[in-house]
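>
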Amino acid sequence: MASIHLKNVGKRYPDGNRAVIDLNLDIADGDFMVLVGPSGCGKTTALRMVAGLEEISEGEIHLGGELINDVEPGKRDIAMVFQNYALYPHMSVFENIAFPLLSQGVPRAERRDRVERTAAVLGISDMLDRKPRTLSGGQRQRVAMGRAIVREPQAFLMDEPLSNLDAKLRVQMRSEISRIQAELGITTIYVTHDQVEAMTMGTRIAVMRKGVLQQEGSPEVIYGQPANLFVAAFIGSPGMNFVTAELSRRGDDLVLGIGPQELVLPPKTLAQRPALLEHESGSIVIGIRPEHLSLPPTDNSAKLKATVERSEMLGAERLLHVSISAKPVSADEIMEAAEEVSAAAPAMLQDGSKGDEVALIARIDPSIVPQPGSTVELGVGLDRLHFFDLESGRAVL
Amino acid sequence: MRDRYSRKTLIWEVLLLLLAIAFCLPLYLLVSISLKPPQELFTSPLTFPTDLHFENFSRAWQARNSGGMASAMISSVIITVGSVATLIVIGSLSAYAIARRPGKLSATLYTLFVIGIIVPFQLTVLPLFVLFRSLGLIGTYLGMIILWVGILTPLTVFLYTGFVRTIPRDYEEAARMDGAGLVRTYVQVVFPLLRPITGTVAILTGLFIWNDFFASLIFLGGSGRETLPVAIYSFVGEYLTQWNLVFAAVVIALAPLLVFFLIAQKQMIRGFSGGIRG
Ligand SMILES: Nc1ncnc2c1ncn2[C@@H]1O[C@H](COP(=O)(O)OP(=O)(O)OP(=O)(O)O)[C@@H](O)[C@H]1O
Ligand SMILES: [Mg+2]
Numbered sequence: 029m030a031s032i033h034l035k036n037v038g039k040r041y042p043d044g045n046r047a048v049i050d051l052n053l054d055i056a057d058g059d060f061m062v063l064v065g066p067s068g069c070g071k072t073t074a075l076r077m078v079a080g081l082e083e084i085s086e087g088e089i090h091l092g093g094e095l096i097n098d099v100e101p102g103k104r105d106i107a108m109v110f111q112n113y114a115l116y117p118h119m120s121v122f123e124n125i126a127f128p129l130l131s132q133g134v135p136r137a138e139r140r141d142r143v144e145r146t147a148a149v150l151g152i153s154d155m156l157d158r159k160p161r162t163l164s165g166g167q168r169q170r171v172a173m174g175r176a177i178v179r180e181p182q183a184f185l186m187d188e189p190l191s192n193l194d195a196k197l198r199v200q201m202r203s204e205i206s207r208i209q210a211e212l213g214i215t216t217i218y219v220t221h222d223q224v225e226a227m228t229m230g231t232r233i234a235v236m237r238k239g240v241l242q243q244e245g246s247p248e249v250i251y252g253q254p255a256n257l258f259v260a261a262f263i264g265s266p267g268m269n270f271v272t273a274e275l276s277r278r279g280d281d282l283v284l285g286i287g288p289q290e291l292v293l294p295p296k297t298l299a300q301r302p303a304l305l306e307h308e309s310g311s312i313v314i315g316i317r318p319e320h321l322s323l324p325p326t327d328n329s330a331k332l333k334a335t336v337e338r339s340e341m342l343g344a345e346r347l348l349h350v351s352i353s354a355k356p357v358s359a360d361e362i363m364e365a366a367e368e369v370s371a372a373a374p375a376m377l378q379d380g381s382k383g384d385e386v387a388l389i390a391r392i393d394p395s396i397v398p399q400p401g402s403t404v405e406l407g408v409g410l411d412r413l414h415f416f417d418l419e420s421g422r423a424v425l
Numbered sequence: 081m082r083d084r085y086s087r088k089t090l091i092w093e094v095l096l097l098l099l100a101i102a103f104c105l106p107l108y109l110l111v112s113i114s115l116k117p118p119q120e121l122f123t124s125p126l127t128f129p130t131d132l133h134f135e136n137f138s139r140a141w142q143a144r145n146s147g148g149m150a151s152a153m154i155s156s157v158i159i160t161v162g163s164v165a166t167l168i169v170i171g172s173l174s175a176y177a178i179a180r181r182p183g184k185l186s187a188t189l190y191t192l193f194v195i196g197i198i199v200p201f202q203l204t205v206l207p208l209f210v211l212f213r214s215l216g217l218i219g220t221y222l223g224m225i226i227l228w229v230g231i232l233t234p235l236t237v238f239l240y241t242g243f244v245r246t247i248p249r250d251y252e253e254a255a256r257m258d259g260a261g262l263v264r265t266y267v268q269v270v271f272p273l274l275r276p277i278t279g280t281v282a283i284l285t286g287l288f289i290w291n292d293f294f295a296s297l298i299f300l301g302g303s304g305r306e307t308l309p310v311a312i313y314s315f316v317g318e319y320l321t322q323w324n325l326v327f328a329a330v331v332i333a334l335a336p337l338l339v340f341f342l343i344a345q346k347q348m349i350r351g352f353s354g355g356i357r358g
């Protein structure tokens, strides 16, 4: 078990494509690091460079303090689980799991012993004689895990290992992988484009976009203090609400103009985010998580008038879709992040936010049933607002 | 829903049946004549034999010409098996290198092999014969095996290269991550994945070599190591009128092929349709 350090790592493919740009990551011993980002952002490339399957164009990768740039993949003592599992189809489950031990020259008796112990951990002891072809997706997944953990490697790499499973199995394997990783305490890099997987599995999350690391931190930090518009829009489901506001000063107070409505920011907010002053009397993007819009408003929260469009009953909560009159935000970052959630989302965003209307989503108590078309007053948690620079998309802190 | 068995289906079925019969006819003639007594041969060549003369087979087998059927069978087996095995080893290794190492060298080699498929063998016979004679390879098993490997490597490499390209690299990368060297990866992971195309190659080249008459006659004629087609041909001269024995000999020569076909059939079809399933 060992830490992994990426130092100014870059990848330039022969066709000139820069898939990873100046990537710095410190992954501590035992961490479960999730690399997340939209399709084509360079996650797989980064992972394969750590594995040694892809040449490192720039920078250094260290494993346990040792530079491994020029170490053969088989000598790095890193195990990898492939997206399609890559189980050898002509070998039995036993032979598949034993394969890495064979290469290491582990004696026969010990091999059998270790394969059987691994199979027991994964609950596949009764399938050792079967061929991968005869296994279900979840069982194959376990065998692939088994082949990785039987070696007791320094680190695990996994590239979207759950993407071939159905939704229910994915949830189950998610916690299973987390459990096994925690039990073994092996440093892990896990690649996914699914932000739910990232949030639920990772002890650390690194969000990437177009080859560039956007933010790295614990799930709490990534969710609660997104560093820019892209991270804010990418993490969370339903996603964060965005609206353009005019910031101005009135006396000692900062006032947010959202369309015709005004929210007065408490002095505390300014104290927490002194950089807001630089945006005084200018436009700024504010972000509100759906759970920070309340109905009915709590006593001391600010209030925002909105028109109810429709609501989605999810059981434990209700998603209330409303519209307010304000200027929508149409930054590329948000569109790209929305696209990852569903291909139709950008169109919906644009539709729902025509001209001077902005669509918002609030997470409310399911027992409240507002009528579509009616006007409601939503409570806004002012101390939970996120502010972003309109130009750079960076969080204003 | 309408009845799915329409008139069109019926016509198709009849046509296909006729086609199948047309394909079976030579085989029927071959087998039926091989079981007939000589007199019946000319009076009614097309009918089913009145009684089955299995002794034709033993007579054909025991005939002493060009070393006899038994010796010809041994020659055929040694040359075919030796050539096919060598072809599979050399062809799959070359194709693996060509398919997995992109670059000028691979592209050039591949083009060379494709040209090798196109060049007709007959063009090269004369220089080859002279060369083989000076090397003392005429009339030897080794010479024949070298000859066949040379002639058929281009086709083998062509078939293998196409197939290797359809195999996801993940298997090899997984083996690499698992610490397997190049040799272990090839022997334990890649070659088994090539099994369908190996079946195809074995059947195609095996048939070609087993049935060849021309090259065997030229390079083995008079050496006492003639293969089955040459031995059977020499039958024709010796037993000019005994076509039933000639046909019996052909049936004997066919038998090992049929057995091999039945065993490898499944593999071959998979090889033709390409791809593998995990
Ligand atoms: N062998 C290659 N040659 C050239 N460009 C490549 C190669 N492999 C990947 N790329 C490019 O590098 C970029 C990053 O690819 P990568 O596979 O790392 O993305 P990813 O984040 O894993 O995406 P996904 O979620 O779709 O798997 C993409 O723009 C891709 O087109
Ligand atoms: Mg990928």
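Those protein sequence lines, which keep their order, are chains A and B. Just so we're aligned: the first sequence equals residues 29 to 425 in this note's numbering. Just so we're aligned: the second sequence equals residues 81 to 358 in this note's numbering. We put the beta carbon where it would ideally sit given N, CA and C, even for glycine. Bear in mind that the values here come from a model prediction, so they are computed numbers and not experimental data.
1) With DSSP run on the structure shown, which of helix, strand or coil describes A:M119?
2) Measuring only between beta-carbons, confirm whether A:N112 sits less than 8 Å from chain B.
3) Taking B:A255 as the reference, give the member of A:P101, A:K331, A:A390, A:I49 with the closest Cα.
4) So within the stretch 104-163 of chain B, which uninterrupted alpha helix (DSSP H) runs reach at least 4 residues, ignoring any that extend past its ends?
5) How many angstroms separate the CA atom of B:V229 from the CA atom of B:A295?
6) 8 Å is my cut-off, CB to CB: does B:V229 come that close to chain A?
7) Check B:T220 in the structure and name its three-state DSSP category.
8) As a quick exercise: from A:P324, A:D105, A:P128, pick the residue whose alpha carbon is nearest that of A:Y116.
9) For B:T180, return the contacting residues in chain A, with the cut-off set at a CB-CB distance below 9 Å.
10) Do B:L232 and B:F288 have their C-beta atoms within less than 8 Å of each other?
11) So which of A:D59, A:V424, A:V386 has the shortest CA-CA distance to A:G213?
12) DSSP beta-bridge partners for A:K35?
13) Checking 8 Å against the spacing of the C-beta atoms, do A:A172 and A:F184 come in under that value?
14) Say whether chain A places a C-beta atom closer than 8 Å to the C-beta of B:A344.
15) Just confirm the distance between the C-beta atoms of A:L63 and A:I217, as a whole number of angstroms; I'd bet it's less than 8 Å.
16) Could you tell me if the beta carbon of B:T89 falls within a distance shorter than 7 Å of some heavy atom in ligand 2?
17) Any heavy atom of ligand 1 closer than 7 Å to the beta-carbon of A:N45?
18) Leaving out five residues on either side along the sequence, give the residues of the same chain with a beta carbon under 7 Å from the beta carbon of B:I158.
19) Return yes when the C-beta of B:C104 is under 7 Å from any heavy atom of ligand 1, and no when it is not.
20) Find the residues of chain A that neighbour B:V269, judging by a C-beta separation of less than 8 Å, and give them in chain order.
21) Tell me, to the nearest whole angstrom, how far the beta carbon of A:E319 is from that of A:P394; I am working on the premise that it is less than 8 Å.
22) Check the Cβ-Cβ distances between A:Q200 and every residue of chain B, and say whether any is below 8 Å.
23) For A:R207, count the other beta carbons within 10 Å of its own beta carbon; 16 or more makes it buried, fewer makes it exposed. Which is it?
24) Out of A:K333, A:M61, A:E364, which has the shortest C-alpha to C-alpha gap to A:S351?
25) Taking Cβ positions only, does B:A260 come closer than 8 Å to chain A?
26) Quick check: the Cα distance between B:L215 and B:T236, rounded to an integer number of angstroms?
27) Assign B:W92 to one of two classes, buried (16 or more other C-beta atoms within 10 Å of its C-beta) or exposed (fewer than that).
28) Under 8 Å, Cβ to Cβ, is there at least one residue of chain A near B:Y251?
29) Is A:K39 a contact residue of ligand 3, with contact defined as CB to any heavy atom under 7 Å?
30) Grab the span of the beta strand (DSSP E) containing A:G310 for me, first residue to last.
31) With a cut-off of 8 Å, does the C-beta of A:A126 fall near any C-beta of chain B?
32) I'd like to confirm something about A:K71: is its beta-carbon nearer than 7 Å to some heavy atom of ligand 2, or not?
33) Alpha carbon to alpha carbon, how far is A:S402 from A:L388?
34) Out of A:A234, A:L275, A:E188, A:R278, point me to the one whose CA is closest to A:V259's CA.
35) Taking Cβ to Cβ, would you say A:A210 is nearer than 8 Å to A:G174?
36) Verify the contact flag: A:D222, CB atom, against every heavy atom of ligand 2, threshold strictly below 7 Å.
By the coordinates alone:
1) Note: A:M119 maps to coil in three-state DSSP.
2) Yes, contact with chain B.
3) It is A:P101.
4) Here the runs fully enclosed are 118-123, 135-142.
5) So the two alpha carbons sit approximately 13 Å from each other.
6) Cβ-Cβ to chain A under 8 Å: no for B:V229.
7) Reduced to three states, the DSSP call for B:T220 is coil.
8) Out of A:P324, A:D105, A:P128, the CA that lies nearest to the CA of A:Y116 is found in A:P128.
9) Residue identity differs from the one stated: residue 180 of chain B is Arg in this sequence, not Thr. Residues of chain A with a Cβ closer than 9 Å to the Cβ of B:R180 do not exist, since the nearest Cβ in that chain sits about 13 Å away.
10) B:F288 sits close to B:L232, with the two beta carbons spaced by under 8 Å.
11) Among A:D59, A:V424, A:V386, the Cα nearest to that of A:G213 belongs to A:D59.
12) In DSSP, A:K35 forms a bridge with A:E88.
13) It is not a contact, given that the beta carbons lie outside the stated cut-off.
14) No - not a single Cβ of chain A is within 8 Å of the one on B:A344.
15) Sure, about 6 Å apart at Cβ, within 8 Å.
16) No, the beta carbon of B:T89 sits no closer than 7 Å to any heavy atom of ligand 2.
17) Checking the Cβ of A:N45 against ligand 1 gives yes.
18) The answer, listed in chain order, is Y221.
19) B:C104 has its CB no nearer than 7 Å to any heavy atom of ligand 1.
20) Near B:V269 (Cβ distances below 8 Å), the residues of chain A are Y116.
21) Rounded, the Cβ-Cβ distance is 14 Å, inconsistent with contact.
22) Not an interface residue.
23) It is exposed - the Cβ of A:R207 has fewer than 16 other Cβ atoms within 10 Å.
24) Comparing Cα-Cα distances from A:S351 to each of A:K333, A:M61, A:E364, the minimum goes to A:K333.
25) For B:A260, at least one C-beta of chain A is nearer than 8 Å to its own C-beta.
26) Counting only the Cα atoms, B:T236 lies some 26 Å from B:L215.
27) Per the 10 Å Cβ criterion, exposed.
28) Yes, B:Y251 counts as interfacial toward chain A.
29) The model on display carries ligand 1 and ligand 2 but not ligand 3.
30) Following the DSSP letters along the chain, one finds A:G310 inside the beta strand (DSSP E) bounded by residues 310-316.
31) The C-beta of A:A126 comes no closer than 8 Å to any C-beta of chain B.
32) Yes - ligand 2 has a heavy atom lying nearer than 7 Å to the Cβ of A:K71.
33) Rounded to whole angstroms, the gap between the alpha carbons of A:S402 and A:L388 is 15 Å.
34) Of the listed residues, the one whose Cα sits closest to A:V259 is A:A234.
35) No, the Cβ-Cβ distance between A:A210 and A:G174 is not below 8 Å.
36) If you check the C-beta of A:D222 against ligand 2, you find no heavy atom less than 7 Å away.
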